[in-house]
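Each residue of the sequence shown is one higher than the one before, starting from 13 at the first, in this note's numbering.
A quick write-up on the structure given underneath.
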Amino acid sequence: MVFMKGKLDPTMPTQYIAKTWEVLTFHERIALVIFVGPVLLGCLYATHRLWSLLRYCFWTRCGTSRPPQPGYIKPGCEPRVTIQICCYNEAAVIAGTIDAACSVDWPKDRLIVEVLDDSDDETSGIIEHMCAAWRQKGVSACRRTRVDRVGYKAGNLYAHHKQVSTEFIAVFDSDHRAHPDFLRRTVSYFFDKNGAPAYEVGLVQCPWGYYNQHANTMTECDALNLDSAFVVDQEVRARSYGFLAFNGTGGVWRKTAIEAGEGWQWDTVTEDADLSYRSFIAGYKFRFVSDVVQLLEIPASITAFKSQKHRWTKGHAQVARKSLGYFLRTPLLATGVKVEAFVHLTMNIQYMVALWLILWMPMLAYHKLVIWQVLALSLYPAAVWLFVATTSIVKKPQHSPEAGRLLSRVARMLYIIPSCALAMGMSVNESVSFIEGLLSTDATFVRTPKDGDDGLLIDNNSTSPRKLSVVRVTRRNTSRPQNVSTAKSFDVKGLVLALEIIVTTYLAITAPLLIFESINDGRSAWRKYSHVPATCLSLTGFLWVTVATAISHWEEAKKEAAKRRRAAAQNRGRAGCLCSKLKAKTGIDDVDEVDATDLERPFICEGEKSSLTRRQICHGVFANQANHDDQSNDLESVELGGRGSSSSTSLASLANSKM
13 MVFMKGKLDP
23 TMPTQYIAKT
33 WEVLTFHERI
43 ALVIFVGPVL
53 LGCLYATHRL
63 WSLLRYCFWT
73 RCGTSRPPQP
83 GYIKPGCEPR
93 VTIQICCYNE
103 AAVIAGTIDA
113 ACSVDWPKDR
123 LIVEVLDDSD
133 DETSGIIEHM
143 CAAWRQKGVS
153 ACRRTRVDRV
163 GYKAGNLYAH
173 HKQVSTEFIA
183 VFDSDHRAHP
193 DFLRRTVSYF
203 FDKNGAPAYE
213 VGLVQCPWGY
223 YNQHANTMTE
233 CDALNLDSAF
243 VVDQEVRARS
253 YGFLAFNGTG
263 GVWRKTAIEA
273 GEGWQWDTVT
283 EDADLSYRSF
293 IAGYKFRFVS
303 DVVQLLEIPA
313 SITAFKSQKH
323 RWTKGHAQVA
333 RKSLGYFLRT
343 PLLATGVKVE
353 AFVHLTMNIQ
363 YMVALWLILW
373 MPMLAYHKLV
383 IWQVLALSLY
393 PAAVWLFVAT
403 TSIVKKPQHS
413 PEAGRLLSRV
423 ARMLYIIPSC
433 ALAMGMSVNE
443 SVSFIEGLLS
453 TDATFVRTPK
463 DGDDGLLIDN
473 NSTSPRKLSV
483 VRVTRRNTSR
493 PQNVSTAKSF
503 DVKGLVLALE
513 IIVTTYLAIT
523 APLLIFESIN
533 DGRSAWRKYS
543 HVPATCLSLT
553 GFLWVTVATA
563 ISHWEEAKKE
573 AAKRRRAAAQ
583 NRGRAGCLCS
593 KLKAKTGIDD
603 VDEVDATDLE
613 RPFICEGEKS
623 SLTRRQICHG
633 VFANQANHDD
643 QSNDLESVEL
653 GGRGSSSSTS
663 LASLANSKM
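Printed below as a string of structure tokens:
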């Protein structure tokens with residue numbers, strides 16, 4: 013792109029006077045048009061959100077639109093409900109989730125808690141222990157497994173759906189802390205005031221709370237962003253059209269609604285939103301219960317945060333590619349529903365718009381092309397976000413009295429500006445994720461790592477936390493096959509980090525230049541400094557995300573290197589143990605030591621080379637030890653023989669002959 017400073021009108025008193033469209037050169041006009049086009053697209057999304065905000069405020073302030081009311085369930089006639097908890101290697105959080113799910117206020121003979129376990133670590137032992145403990149208390153709790161992990165979470169739900177015998181299914185993630193009256197306040201929406209079933213209701217969704225919200229600044233900003241989606245967006249969609257997207261946890265499904273939507277499918281990484289659209293097209297309505305806040309964990313590290321946002325953004329783009337065309341063409345849906353669906357599935361385009369603005373604004377400012385119209389268009393989406401965030405802070409019901417105090421709400425408003433900086437810093441990650449979702453068919457589900465709450469659980473009979481003591485039982489079988497994606501994959505994390513470093517470097521160079529240029533500018537203060545706050549905020553956000561990501565990658569590399577060193581040391585120790593056992597059983601003193609650093613050399617016994625290398629011997633023995641640690645460590649039968657020899661002798665038989 014060629015930039016030229018246009019010649020100014022000689023009648024103007026100073027060269028620093030603001031440029032108008034009439035005095036711009038052709039190249040400057042082209043630059044402005046290219047810049048303003050995507051910004052106008054972002055303004056359209058901001059206008060839709062402003063309209064949703066105004067409707068929400070008007071409803072709540074004037075009471076012109078009351079939310080759907082819960083129905084009546086006669087005591088003793090509660091329907092049977094199954095709580096399904098999806099789990100994969102979540103040892104840090106699963107105990108508290110099971111504890112909370114089994115403690116909900118619901119008749120024990122009408123409640124089934126199923127932990128759908130795909131784990132291959134110690135998590136399985138924790139689940140078995142917890143389920144056994146709750147079965148002794150009269151709760152029907154069980155752990156369900158399957159042969160493989162096909163489909164990841166969606167495949168897990170699909171594999172166990174046919175076994176469900178109840179009419180309603182509550183779906184929880186492994187970090188979900190169900191409120192004691194969760195079922196009481198959600199299942200009632202499936203009935204009317206007379207106690208008759210409301211068959212048109214297929215899903216009841218609850219908003220989220222966060223038990224690690226105060227872990228760091230990033231969790232505070234993430235919680236603020238999520239709250240704005242729950243308080244305004246989900247509420248307006250549910251009230252206006254009976255439509256919303258299931259958020260993956262904290263919701264109760266009618267079993268027939270899942271089946272009408274053709275069940276759980278795993279061709280996208282956001283199976284929850286995918287099923288929501290298909291079930292809604294099938295004719296079911298959804299309800300949103302805004303005052304039943306459910307606690308869960310949000311990512312506290314930058315890598316987990318970016319991984320989660322990558323999956324969500326990529327998944328929504330995949331659902332848009334899969335279903336949005338039919339959703340917009342079908343005559344069965346109102347125009348308003350189609351608009352909401354389009355905005356919901358494509359709203360992450362705004363990150364691409366933000367990245368475009370971040371890259372172009374310094375160049376326009378340097379050439380003094382930031383006229384007030386351009387500045388207003390650029391700030392309009394940020395102003396709308398400011399109002400939405402403030403509304404979500406004020407209006408969201410809190411899970412504790414302390415969080416609902418005025419001082420706490422005011423303190424949360426201090427995170428609005430950091431939240432904007434974080435959003436700008438995440439623009440590269442979100443843009444790459446959205447493009448990948450549109451172009452890639454890869455549906456590999458990458459779970460978000462959980463840190464856990466150190467055993468602190470919410471006591472259902474008290475507001476004070478208590479400690480949970482769990483006997484951890486290790487699961488030994490690690491031979492479960494994993495999913496293999498047939499789609500071509502590339503290093504998305506590396507690409508994102510490289511682009512973030514480039515953009516950060518670009519902003520780090522241009523920001524000081526713009527500030528220096530503004531100081532020497534003779535225009536009025538608002539004209540010469542108007543672009544500086546946005547540029548500095550963008551630089552802050554990118555420095556935050558890029559530096560934190562680089563440090564996190566470095567720490568992960570250190571941990572991986574340490575893990576490899578420990579594994580090598582362990583292998584050397586096992587190799588030495590193997591040699592000792594070979595010597596003890598065979599009585600041979602000159603057994604060549606199995607050196608883990610030189611595993612490709614043949615194993616030598618009595619001067620005769622084996623047909624197996626040391627690596628093959630070590631691999632066979634160590635694999636056997638990994639799968640049978642709870643059994644005796646007898647030697648495997650390893651055949652030894654000369655190269656080309658027709659006969660072979662087993663070490664085990666050799667040992668028996670010597671004894």
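C-beta atoms are modelled at their ideal positions from N, C-alpha and C, and glycine is treated no differently.
Model, not experiment: these values are computed from the prediction.
For A377, I'd like the list of residues in its chain whose CB is within less than 6 Å of its CB, leaving aside the five on either flank, ordered along the chain.
Numbered from its first residue, the sequence shown carries residue 377 at position 365. If we look at A377 and ignore the five residues flanking it on each side, its Cβ neighbours are L526, H543.
Leaving out five residues before and five after A285 in sequence, what residues of the same chain have Cβ atoms less than 6 Å from its Cβ?
On the sequence shown, position 273 is the one that residue 285 refers to. Cβ neighbours of A285 beyond the five flanking positions: A257, V331.
Q.
Can you look up K297 in the DSSP assignment and give me helix, strand or coil?
A. Indexing the sequence shown from 1 puts residue 297 at position 285. Residue state, collapsed to three classes: strand.
Exercise for review: Quick one: grab the DSSP three-state call for R92.
Suggested key: Your numbering for residue 92 matches position 80 in the sequence shown. Looking at R92 - three-state DSSP - the assignment turns out to be coil, as it is neither helix nor strand.
- Sufficient close CB pairs (3 or more, under 8 Å) joining the region 84-92 to the region 416-433: no
Mapping DSSP to helix, strand and coil, what is S445? The count along the sequence shown starts at 1 and reaches residue 445 at position 433. In the structure shown, S445 sits in a helix (DSSP, three-state: H, G or I).
* Taking three-plus beta-carbon pairs below 8 Å as touching, is the region 202-212 in contact with the region 235-249? -> no
Using 8 Å for Cβ pairs, my map puts S64 next to N101. What's the rounded Cβ distance?
Within the sequence shown, numbered from 1, the residue matching residue 64 stands at position 52. Within the sequence shown, numbered from 1, the residue matching residue 101 stands at position 89. With a Cβ gap of about 38 Å, S64 and N101 do not count as contacting.
- Message: What does DSSP give as the partner residue(s) for I181 in the beta ladder?
- Response: For this step, residue 181 is matched to residue 169 along the sequence shown. In the DSSP output, where bridge partners are listed per residue, I181 has T94, W265.
Indicate the three-state DSSP secondary structure (helix, strand or coil) for Y427 in the structure shown. Within the sequence shown, the letter at position 415 stands for residue 427. Correct three-state label for Y427: coil.
Near E353, what residues of its chain come up, given a Cβ to Cβ distance below 6 Å and the 5 sequence neighbours on each side ignored? Residue mapping note: residue 353 aligns to position 341 of the sequence shown, counting from 1. The amino acid at residue 353 is misidentified as Glu; the sequence shows Ala. So the qualifying residues of the chain are F339.
(message) Alpha carbons only, please: which of R323, D279, A316, E232 is nearest the one belonging to N259?
(response) Working through the sequence shown from its first residue, we reach residue 259 at position 247. Here the closest residue by C-alpha is R323.
Return the residue from the list D454, A166, Y57, T231 that minimises the CA-CA distance to T315.
In the sequence shown, the residue the question calls residue 315 occupies position 303. Ranking the options by Cα distance to T315, first place goes to T231.
Fill in: Backbone CA spacing between S443 and K571 [nearest angstrom]
Position 431 of the sequence shown holds residue 443. Position 559 of the sequence shown holds residue 571. Looking at the two C-alpha atoms, the distance is approximately 29 Å.
**Every unbroken alpha helix (DSSP H) within the region 315-380, with a cutoff of 4 residues, ordered by chain** = 337-341, 347-358, 361-378
* **At least 3 beta-carbon pairs within less than 8 Å: the region 157-172 vs the region 271-289** => yes
- Could you give the uninterrupted runs of the alpha helix (DSSP H) lying entirely in the region 85-152, keeping only those of 4 residues or more? 106-114, 135-148
Q. What residue from I370, T516, T402 has the CA that sits closest to L387's CA?
A. Sequence index remark: in the sequence shown, residue 387 carries index 375 (1-based). Taking only the C-alpha atoms, the option nearest L387 is I370.
Cβ atoms of L195 and V93: under 7 Å apart, would you say?
-> Walking along the sequence shown from the start, residue 93 turns up at place 81. Walking along the sequence shown from the start, residue 195 turns up at place 183. Result yes, Cβ atoms of V93 and L195 sit closer than 7 Å.
Thinking just about the alpha-carbon of each residue, which of P50, N583, D117, R161 is nearest to the one in R459?
-> Locating residue 459 in the sequence shown gives position 447, counting from the first residue. Ranking the options by Cα distance to R459, first place goes to R161.
Practice prompt. Count the other C-beta atoms from every protein chain shown that fall within 10 angstroms of the C-beta of K165, then say buried if there are 16 or more, exposed otherwise.
Written response: As a first step, residue 165 must be located in the sequence shown, where it is residue number 153. Flag for K165 reads buried.
Nearest-angstrom Cα distance between S673 and Q306? As displayed, the chain neither begins before 13 nor continues past 671, which places residue 673 out of reach and without an answer.
- Query: Closest to L66 by CA distance: which of C98, F554, T403, A435 is it?
  - Reply: Taking the first residue of the sequence shown as position 1, residue 66 is located at position 54. Cα-wise, what sits closest to L66 is T403.
Which term fits Y222, buried or exposed, when burial requires 16 or more other beta carbons within 10 angstroms of its beta carbon? Locating residue 222 in the sequence shown gives position 210, where the first residue counts as 1. It is buried - the Cβ of Y222 has at least 16 other Cβ atoms within 10 Å.
Q. Looking at the structure shown, is R158 part of a helix, part of a strand, or coil, going by DSSP?
A. The residue labelled residue 158 in the question sits at position 146 within the sequence shown. Reduced to three states, the DSSP call for R158 is coil.
- request: May I ask whether a heavy atom of the ligand COA can be found less than 6 Å away from the beta carbon of T59?
  value: Within the structure as shown, the ligand COA is missing, as the structure has no ligands at all.
Checklist line | 6 Å CB neighbourhood of D234 in its chain, flanking five on each side removed | finding: Start at 1 with the first residue of the sequence shown, and residue 234 comes out as number 222. These residues qualify, in order along the chain: I310.
*Go ahead and pull the three-state DSSP assignment for V216.*
Here residue 216 corresponds to residue number 204 of the sequence shown, with the count starting at 1. V216 falls in the strand class under three-state DSSP.
> Hey, how far is the Cα of G263 from the Cα of V199?
Replying inline: Position 251 of the sequence shown, counted from the first residue, corresponds to residue 263. Position 187 of the sequence shown, counted from the first residue, corresponds to residue 199. One C-alpha to the other measures close to 10 Å.
Pull up the DSSP beta-bridge partners for G189, would you. Locating residue 189 in the sequence shown gives position 177, where the first residue counts as 1. A small fix is needed here, since residue 189 is Arg in this sequence, not Gly. L307, per the DSSP bridge assignment.
Margin query: Once the 5 residues before and after R156 are set aside, which same chain residues still bring their CB inside 8 Å of it?
Written below: By one-based count along the sequence shown, residue 156 stands at place 144. Closer than 8 Å at Cβ, skipping near neighbours: E126, V127, L128, D129, H172, Q175.
- Message: Tell me the DSSP secondary structure of F70 in three-state form.
- Response: As a working note, residue 70 is residue 58 in the sequence shown. F70 falls in the helix class under three-state DSSP.
- Give the DSSP-derived three-state secondary structure of Y164 in the structure shown. By one-based count along the sequence shown, residue 164 stands at place 152. Here Y164 sits in helix by DSSP.
Buried or exposed: which applies to S177, given that a residue is buried once 16 or more other Cβ atoms fall within 10 Å of its Cβ?
What you label residue 177 is simply residue 165 of the sequence shown in a count that begins at 1. Exposed.
For this session: Might you give, ordered along the chain, the residues of its own chain that have their beta carbon closer than 6 Å to the beta carbon of M142, omitting 5 neighbours on each side?
Result: The sequence position of residue 142 within the sequence shown is 130, counting from 1. Contacts found: A107, I110.
**Q.** Residues near A312 in its chain [Cβ-Cβ closer than 8 Å; skip 5 each side]
**A.** One-based indexing of the sequence shown puts residue 312 at position 300. N224, A227, N228, M230, T231, D463.
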